[in-house]
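Novice: Take this structure first; my questions come after.
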Amino acid sequence: MVKIRVSRNALERLALAEIRGEEGCEEIVSVEIEYAPCRISGNWRICTVDFGEERVIIRPSRAVELTHRRMWRRYELLTDS
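Quick note on numbering: the sequence shown equals residues 0 to 80 in numbering that gives the first Met the number 0.
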């Protein structure tokens, strides 16, 4: 399966939309994607999640993990090299 190559900004927007789609995660403010070479689960990872005023609870953490698992199969981070 060929992965869709996307920019960091586009991948962050896609990940944020997916995470916000999970119950209890609607108020998440932003996510940051980090380039992570040589990872078995793709060349990127979700490294920072801004929960805004909400307390960090299990549900958003689980949503981030599930979102990464779903998205790394479809998307590859574009790099400058």
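Idealized CB from N, CA, C, for every residue including glycine. Every value quoted in this text rests on a predicted model; they were computed, and no experiment measured them.
1) Taking Cβ to Cβ, would you say Thr47 is nearer than 8 Å to Val28?
2) In whole angstroms, what separates the C-alpha of Tyr74 from that of Ala62?
3) Around the Cβ of Ala14, are there at least 16 other Cβ atoms within 10 angstroms (buried) or fewer (exposed)?
4) With a CB to CB cut of under 7 Å and the five nearest residues on each side skipped, what residues in its chain are close to Arg82?
5) Closest to Gly23 by C-alpha separation, out of Ser60, Tyr34, Arg12, would be which residue?
6) Which residue wins for smallest C-alpha separation from Asp49, given the options Trp43, Met70, Glu11?
7) Hey, quick one: how far does the beta strand (DSSP E) through Arg4 stretch, first residue to last?
Specialist: Taking the structure as given:
1) One-based indexing of the sequence shown puts residue 47 at position 48. One-based indexing of the sequence shown puts residue 28 at position 29. Taking 8 Å as the cut-off, the Cβ atoms of Thr47 and Val28 do not count as close.
2) The residue labelled residue 74 in the question sits at position 75 within the sequence shown. The residue labelled residue 62 in the question sits at position 63 within the sequence shown. Cα to Cα, the separation comes out at about 17 Å.
3) Locating residue 14 in the sequence shown gives position 15, counting from the first residue. Buried is the call here.
4) What is shown of the chain runs 0 to 80, which leaves residue 82 out entirely.
5) The residue labelled residue 23 in the question sits at position 24 within the sequence shown. It is Ser60 whose Cα lies nearest to the Cα of Gly23.
6) Within the sequence shown, numbered from 1, the residue matching residue 49 stands at position 50. Sorting Trp43, Met70, Glu11 by C-alpha distance to the C-alpha of Asp49 places Glu11 at the top.
7) One-based indexing of the sequence shown puts residue 4 at position 5. For Arg4, the uninterrupted beta strand (DSSP E) segment begins and ends at 3 to 5.
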